[in-house]
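Worksheet for the structure shown next.
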Amino acid sequence: MTDPTTTEETVTEPVEAPETDETTEETREEPPEAPEGTQQPEEQPEEEEPETFPRSYVEKLRKENAGYRERAQRADDLAAALWTSRVSATGRLADPTDLPMPEQADPLDAEAVTAAVDDLLTRKPHLAARRVTGDVGQGVSGRSATVDLAGILRSRAS
-7 MTDPTTTEET VTEPVEAPET DETTEETREE PPEAPEGTQQ PEEQPEEEEP
43 ETFPRSYVEK LRKENAGYRE RAQRADDLAA ALWTSRVSAT GRLADPTDLP
93 MPEQADPLDA EAVTAAVDDL LTRKPHLAAR RVTGDVGQGV SGRSATVDLA
143 GILRSRAS
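Taking my numbering as reference, the numbering of the sequence shown is continuous, increasing by one, and the terminal residue is 150.
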């Protein structure tokens, strides 16, 4: 807003026409050199930019982010452990660590775990768990309390 008690005068300066290539070569002048004995001011180094945020605030944010990264890593470790326990619970692999958790797999999805185990066993059937069936010669047998070595030899000879 302008104050009505004061008057301002506006002075306009004449505007020169832009120079063309022909006139710029003729009218271009070198900057005047300083007389001998006087020193030209040296270029002053630019001052460093001030910090945008205070250092304490940035350190606080970095510490907070480090905590989030640690929590995320812990969550990833727990998801991998859950995946391994789910694979182990199927009982179809000899070693459940043979099937690491895929990148985008959900360890809570039982169907995804089963599908991954099926796929692995299709590609590598030698990783399947082996179960012993029948009499393997160990454990309790239905034989009598007395041992008859001659009877054992006769039964094996036939």
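All C-beta atoms, glycine included, are put in the ideal place defined by N, C-alpha and C. Keep in mind the model is a prediction, meaning the values are calculated, not measured.
- Secondary-structure assignment with DSSP links Leu85 through a beta bridge to Ala120.
- It is roughly 44 Å from the alpha-carbon of Ser77 to the alpha-carbon of Ser48.
- Measuring C-alpha to C-alpha distances from Asp111 to each of Gly131, Val79 and Thr138 identifies Val79 as the nearest.
- Rounded to whole angstroms, the Cβ separation of Gly83 and Ala121 is 6 Å, and the two are in contact under 8 Å.
- For Ala102, the CB contacts under 8 Å within the same chain, skipping 5 residues up- and downstream, are Arg78 in chain order.
- Between the C-alpha atoms of Asp90 and Lys116 there is a straight-line separation of about 10 Å.
- Of the candidates Glu95, Val105, Asp98 and Leu100, the residue whose Cα lies closest to the Cα of Pro88 is Val105.
- DSSP, read as helix, strand or coil, puts Glu62 in helix.
- Following the DSSP letters along the chain, one finds Val105 inside the alpha helix (DSSP H) bounded by residues Ala102 to Arg115.
- Taking every protein chain shown into account, the CB of Val50 has fewer than 16 other CB atoms within 10 angstroms, so this residue is exposed.
- The Cβ atoms of Ala67 and Pro99 lie no closer than 7 Å to each other.
- The beta-carbon separation of Ala86 and Leu119, rounded to 6 Å, stays under the 8 Å limit for a contact.
- DSSP, reduced to helix, strand and coil, places Asp127 outside both helices and strands of the structure shown, so it counts as coil.
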